[in-house]
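Asker:
Number of protein chains: 2
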Amino acid sequence: MSDVATLAGVSHQTVSRVLNDHPNVRPGTKERVLAAIEELGYRRNRAARALVTSQSSTIGILTVGNANFGPASTVLAVESAARAQGYFVSVSSLEAFDAVAARTALGHLVDQGIDGIVVVAPLVEVARVVEEAGLQVPAVIVAANPDAAATDTLRYVCTDQRRAARDATEHLLGLGHRRIAHVSGEMAWIDALERNAAWRAAMEERGLEATEYAAGGWAAANGYRMGRRIADEIVAGDGPTAIFAANDYIAIGLLRAFWERDLRVPEDVSVVGVDDLQDSAYFIPGLTTIRQPFTAMGQAAMRALLGIAAGQPRSEGRFDAVLEPELIVRDSTAPPPAG
Amino acid sequence: MSDVATLAGVSHQTVSRVLNDHPNVRPGTKERVLAAIEELGYRRNRAARALVTSQSSTIGILTVGNANFGPASTVLAVESAARAQGYFVSVSSLEAFDAVAARTALGHLVDQGIDGIVVVAPLVEVARVVEEAGLQVPAVIVAANPDAAATDTLRYVCTDQRRAARDATEHLLGLGHRRIAHVSGEMAWIDALERNAAWRAAMEERGLEATEYAAGGWAAANGYRMGRRIADEIVAGDGPTAIFAANDYIAIGLLRAFWERDLRVPEDVSVVGVDDLQDSAYFIPGLTTIRQPFTAMGQAAMRALLGIAAGQPRSEGRFDAVLEPELIVRDSTAPPPAG
DNA sequence: TCCGCTCTTGTTAGCGCTAACATTCTGAGT
DNA sequence: ACTCAGAATGTTAGCGCTAACAAGAGCGGA
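Each protein sequence line maps, in turn, to chains A and B.
Numbered per the UniProt record's numbering, the first sequence spans residues 1 to 339.
Numbered per the UniProt record's numbering, the second sequence spans residues 1 to 339.
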């Protein structure tokens, strides 16, 4: 920086002023400084800047370190929103899903001197750890946590998973289905719990029996395993006529299992998923599913984070933003078979 | 830090020594310092440390900002490998694929004072920009770039995409197919180019005609569109008996198009993809595909990066590491129909 | 012409840490 | 007891930057 100052014939402080867009710099001087910066290819040292301003313009993202569609898409969206706001993004993914790992990762992030944290924490346990960590930095948890309790430095943002499940269930109900089963995901995940609860509520509201098949995981393999069981029941005549799968991977496993048993979708059984994967429209048949507004979520998360930093009072509800999912109707749902 | 020093009754420098595992500290002193750190909940300021050591223990990842399976998996793998080595990870994703955006993102990363960059740059243009940027920091490009030219600070690491395509093609050839078409991906991508070239080479080696269908993109929709065209040709009797799809998304589009035309896979036509998506095994039929060793790639990238930093001479070949993909045979490939 | 104001620029200090050097302590050898 | 090497600890300086204050320059009004 002092080289630049020398070349421009000013003091280093004036250079700093130019860099920080300080108002009281004569245009001519500014130009000379800018020229010197250009000539020397000078780049300001962020570490020094962070040291003196105690601001890193970096936000941390804590997430689960696998390629699950939901979290991955959310991370991408947050990242993009952060960059749009001029923030850098430091990602820390959890390999193991336990509290210790979450605490460690959180510590790492904080150690980095980030300005805020966005936690993409679909897991019940991770969310809890973050809440209890008593973070000093602004934090936003992206999760439809029913126990969400915003504080002055902690906010929540989510997509309404209950709405997703209700929309799916009611789409099926509207088609005339009454025996609507649910193949649930991994129950350590908030999303799994919420979708399950809302489907169950929608069924019970109408006095319908709610049969749950616990797949125990989000993968196609889990759906496939349940699909074989369900196929047996359908063939035996006492199975469901429609299934709400906790996500599209499970749904594709279901589709596959039914296909193997010559059960036609949607003629013999309807299937709805959640997520709308890149290729869900090209499954056989094209999958009716619930799409989540990931981009909007990312933006909402950043807005909430910046809001905390700016000292904005938290919104009244428990969530700072609740985004609505969207039902995408394709070919895997139809009225139930006659009789 | 001085608080800790006071509480432990030592100088701040001794605290620093304890923190940095300096050998010449009496065990008793060390313990007292550690206790003081614990009591005060002290965390060392990374910005100050970075300033004085000019080391941030952060590596930057430059990638394309979409959810494409390959890049996303690679990023995840690099991230995990970096963390295992005690590095933080700062991600910068390109929204647009152009040179300007790539240069800007690179600049951002460098400005952050990172210790190294891993570029997950499947795009021809991005790789070129990085090469020409004349980066001062160690950089590793993860791409099967045929023009790879390692330098003292720039290394290449890749999965052998030609091998992937050759394995796929030869699997089909071994099954007896002779009319093996290729549905190519987005040609701005190195992977697309490489897979295309290797398939073509394998065909031409045997004097077979190589018919290419340019899907123009990686999505299922692209595959579907080409699939309809190919289906027409197969029905007309002059289509291919097997197809090598540039990735699994394209393959699923193909599968879907064939299913719509009542063409059976693999009886009427075989399909091979590349990637092995989470649910590829559950496609209808289960997709034969090429799996890439992402985890190993991430580790290789970090190893290469650390190698540069440690002043290790670059390896003799143009690539620092070339990893081998793996053919996963499932149900979408079989011998060609008789006649 | 001179005062007093504002605009512009320079000077100084210090963010929290580590490297380098300075000092003190310890204990084996005489 | 006394020396001296080497271990343990302390002191000082400075990384590159910004904030706070200081000083100089320019200008209108009396």
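No residue lacks a Cβ here, since even glycine has one placed at the ideal position from N, Cα and C.
Note down, in chain order, every chain A residue with its Cβ under 7 Å from the Cβ of B:Ala259.
Answerer: Counting from one through the second sequence, the residue named residue 259 of chain B turns up at place 259. Sequence check: residue 259 of chain B is Trp here, not Ala. Under the 7 Å cutoff, chain A gives Ile284.
Asker: Can the beta-carbon of A:Pro198 be found less than 7 Å from the beta-carbon of A:Arg162?
Answerer: The residue labelled residue 198 of chain A in the question sits at position 198 within the first sequence. The residue labelled residue 162 of chain A in the question sits at position 162 within the first sequence. Note on residue identity: the sequence assigns Ala, not Pro, to residue 198 of chain A. Their beta carbons are under 7 Å apart, which means A:Ala198 touches A:Arg162 by this criterion.
Asker: Where B:Asp167 and B:Glu125 are concerned, what is the direct C-alpha to C-alpha distance, given to the nearest angstrom?
Answerer: Against the second sequence, residue 167 of chain B aligns to sequence position 167. Against the second sequence, residue 125 of chain B aligns to sequence position 125. Spanning the two alpha carbons is a distance of roughly 27 Å.
Asker: Under 7 Å, CB to CB, which of the residues in the stretch 34-46 of chain B have a partner in chain A?
Answerer: Within the stretch 34-46 of chain B, the qualifying residues are Arg43, Asn45 and Arg46.
Asker: Restricting to Cα atoms, I'd like to know which of A:Ala300, A:Ala338 and A:Arg314 is closest to A:Val118.
Answerer: Within the first sequence, numbered from 1, the residue matching residue 118 of chain A stands at position 118. Considering only alpha carbons, the answer is A:Ala300.
Asker: Candidates B:Gly41, B:Glu205 and B:Gly237: which alpha carbon is nearest A:Val110's?
Answerer: The residue labelled residue 110 of chain A in the question sits at position 110 within the first sequence. Comparing Cα positions, the closest option is B:Gly41.
Asker: Which residue's Cα is closest to the Cα of A:Ile234: A:Met187, A:Ala215 and A:Ala181?
Answerer: Numbered from its first residue, the first sequence carries residue 234 of chain A at position 234. Considering only alpha carbons, the answer is A:Ala181.
Asker: Since A:Gly113 and B:Asn45 are thought to touch, with beta carbons under 8 Å apart, how far apart are those beta carbons, to the nearest angstrom?
Answerer: Here residue 113 of chain A corresponds to residue number 113 of the first sequence, with the count starting at 1. Here residue 45 of chain B corresponds to residue number 45 of the second sequence, with the count starting at 1. Right, their Cβ atoms sit about 7 Å apart.
Asker: Tell me whether the beta-carbon of A:Arg314 lies closer than 7 Å to the beta-carbon of A:Ala150.
Answerer: In the first sequence, residue 314 of chain A corresponds to position 314, counting from 1. In the first sequence, residue 150 of chain A corresponds to position 150, counting from 1. Yes, the pair counts as a contact, with Cβ atoms nearer than the cut-off.
Asker: List the residues that DSSP assigns as beta-bridge partners of B:Val322.
Answerer: Mapped onto the second sequence, residue 322 of chain B falls at position 322. Per DSSP, B:Cys158.
Asker: In chain order, what residues of the stretch 106-139 of chain B put their CB closer than 9 Å to some CB of chain A?
Answerer: Going along the stretch 106-139 of chain B in chain order, one finds Gly107, His108, Leu109, Val110, Asp111, Gln112 and Gly113 with a Cβ nearer than 9 Å to chain A.
Asker: Taking the alpha helix (DSSP H) that B:Ala82 falls in, what are its first and last residues?
Answerer: Locating residue 82 of chain B in the second sequence gives position 82, counting from the first residue. That run of the alpha helix (DSSP H) goes Phe69 to Ala84.
Asker: Under 7 Å between the Cβ atoms of A:Tyr224 and A:Gly185?
Answerer: Along the first sequence, read from residue 1 onward, the residue named residue 224 of chain A stands at position 224. Along the first sequence, read from residue 1 onward, the residue named residue 185 of chain A stands at position 185. In this structure, A:Gly185 does not lie closer than 7 Å to A:Tyr224 by Cβ.
Asker: Out of A:Gly9, A:Ala72, A:Glu324 and A:Gly60, which one is the CA nearest neighbour of A:Val91?
Answerer: Your numbering for residue 91 of chain A matches position 91 in the first sequence. Out of A:Gly9, A:Ala72, A:Glu324 and A:Gly60, A:Gly60 has the C-alpha closest to the C-alpha of A:Val91.
Asker: Is A:Asp191 helix, strand or coil when you go by DSSP?
Answerer: Along the first sequence, read from residue 1 onward, the residue named residue 191 of chain A stands at position 191. Residue state, collapsed to three classes: helix.
Asker: What beta strand (DSSP E) runs, 3 residues minimum, are completely inside the stretch 196-237 of chain A?
Answerer: Here the runs fully enclosed are 212-214.
Asker: Going along the stretch 307-334 of chain A in order, which residues come within less than 7 Å of chain B, judged by CB to CB distance?
Answerer: Those would be none; no residue qualifies.
Asker: Name the two residues that bound the continuous alpha helix (DSSP H) containing B:Leu268.
Answerer: Taking the first residue of the second sequence as position 1, residue 268 of chain B is located at position 268. In the sequence on display, residue 268 of chain B carries Asp and not Leu. No alpha helix (DSSP H) contains B:Asp268, which DSSP labels as neither H nor E.
Asker: Is it buried or exposed, B:Val269, if we count other Cβ atoms within 10 angstroms and call 16 or more buried?
Answerer: As a first step, residue 269 of chain B must be located in the second sequence, where it is residue number 269. B:Val269 should be labelled buried.
Asker: Among A:Gly207, A:Arg195 and A:Gln278, which residue has its Cα nearest to the Cα of A:Ile243?
Answerer: Locating residue 243 of chain A in the first sequence gives position 243, where the first residue counts as 1. Measuring from the Cα of A:Ile243, the nearest candidate turns out to be A:Arg195.
Asker: Counting only the same chain and skipping the five closest in sequence on each side, list residues whose C-beta sits under 6 Å from that of B:Ala309.
Answerer: Translated into positions along the second sequence, residue 309 of chain B becomes position 309. Hits under 6 Å: Pro138.
Asker: In terms of alpha-carbon separation, which member of B:Ala246, B:Gly216, B:Glu209 and B:Arg261 lies closest to B:Ile230?
Answerer: If you number the second sequence from 1, residue 230 of chain B lands on position 230. The option with the nearest alpha carbon to B:Ile230 is B:Arg261.
Asker: Measuring straight from C-alpha to C-alpha, what distance separates B:Glu324 and B:Thr295?
Answerer: Start at 1 with the first residue of the second sequence, and residue 324 of chain B comes out as number 324. Start at 1 with the first residue of the second sequence, and residue 295 of chain B comes out as number 295. If I take the Cα positions, the gap works out to 12 Å.
Asker: Residues in the same chain with beta-carbon distance under 8 Å from B:Leu175, minus the five sequence neighbours each way, listed in chain order, please.
Answerer: Here residue 175 of chain B corresponds to residue number 175 of the second sequence, with the count starting at 1. Closer than 8 Å at Cβ, skipping near neighbours: Ala242, Ser270, Thr333, Ala334, Pro335 and Pro336.
Asker: Do A:Glu79 and A:Val89 have their C-beta atoms within less than 7 Å of each other?
Answerer: On the first sequence, residue 79 of chain A is found 79 positions in, with the first residue counted as 1. On the first sequence, residue 89 of chain A is found 89 positions in, with the first residue counted as 1. Their beta carbons are under 7 Å apart, which means A:Glu79 touches A:Val89 by this criterion.
Asker: Establish whether the CB of A:Ile252 and some CB of chain B are separated by less than 7 Å.
Answerer: Counting from 1 along the first sequence, the entry for residue 252 of chain A is found at position 252. It does: the Cβ of A:Ile252 has a partner Cβ on chain B nearer than 7 Å.
Asker: In this structure, what does DSSP give as the bridge partners for A:Ser315?
Answerer: Here residue 315 of chain A refers to the residue found at position 315 of the first sequence. For A:Ser315, which the question treats as bridged, DSSP gives no partner whatsoever.
Asker: Out of B:Ser11, B:Val75 and B:His177, which has the shortest C-alpha to C-alpha gap to B:Pro293?
Answerer: As a working mapping, residue 293 of chain B is identified with position 293 in the second sequence. The shortest C-alpha separation from B:Pro293 is found at B:Val75.
Asker: Quick check on this structure: which residue in B:Asp21, B:Leu173 and B:Ala96 has the alpha carbon closest to the alpha carbon of residue 397 of chain B?
Answerer: Coverage of chain B is limited to positions 1 through 339, which leaves residue 397 of chain B absent and any answer about it impossible.
Asker: State yes or no: is the beta carbon of A:Tyr156 nearer than 7 Å to at least one beta carbon in chain B?
Answerer: Here residue 156 of chain A corresponds to residue number 156 of the first sequence, with the count starting at 1. For A:Tyr156, the answer is no, since every Cβ of chain B falls outside 7 Å of its Cβ.
Asker: If I measure Cβ to Cβ from A:Ala164 and keep anything under 7 Å in the same chain, skipping five residues before and after, which residues do I get?
Answerer: Here residue 164 of chain A corresponds to residue number 164 of the first sequence, with the count starting at 1. Within the same chain, A:Ala164 has close Cβ partners Arg195, Val274, Ile290 and Pro325.
Asker: Indicate whether at least one CB of chain A lies closer than 7 Å to the CB of B:Ser57.
Answerer: For the purposes of this step, residue 57 of chain B is taken as residue 57 along the second sequence, with counting starting at 1. Answer no: the Cβ-Cβ gap between B:Ser57 and chain A never drops below 7 Å.
Asker: Using a Cβ-Cβ distance cut-off of 7 Å, determine whether B:Val91 contacts chain A.
Answerer: Walking along the second sequence from the start, residue 91 of chain B turns up at place 91. Yes, B:Val91 counts as interfacial toward chain A.
Asker: Tell me, please, whether the CB atom of B:Tyr224 is closer than 7 Å to any CB atom in chain A?
Answerer: In the second sequence, residue 224 of chain B corresponds to position 224, counting from 1. Cβ-Cβ to chain A under 7 Å: yes for B:Tyr224.
Asker: Taking the beta carbon of A:Thr104 as the centre, do at least 16 other beta carbons fall within 10 Å, making it buried, or is it exposed?
Answerer: Within the first sequence, numbered from 1, the residue matching residue 104 of chain A stands at position 104. Answer is exposed; the Cβ neighbour count stays below 16.
Asker: Compare the C-beta of A:Arg264 with all C-beta atoms of chain B and state if any pair is closer than 7 Å.
Answerer: Taking the first sequence and counting its residues from 1, one reaches residue 264 of chain A at position 264. No, A:Arg264 does not count as interfacial toward chain B.
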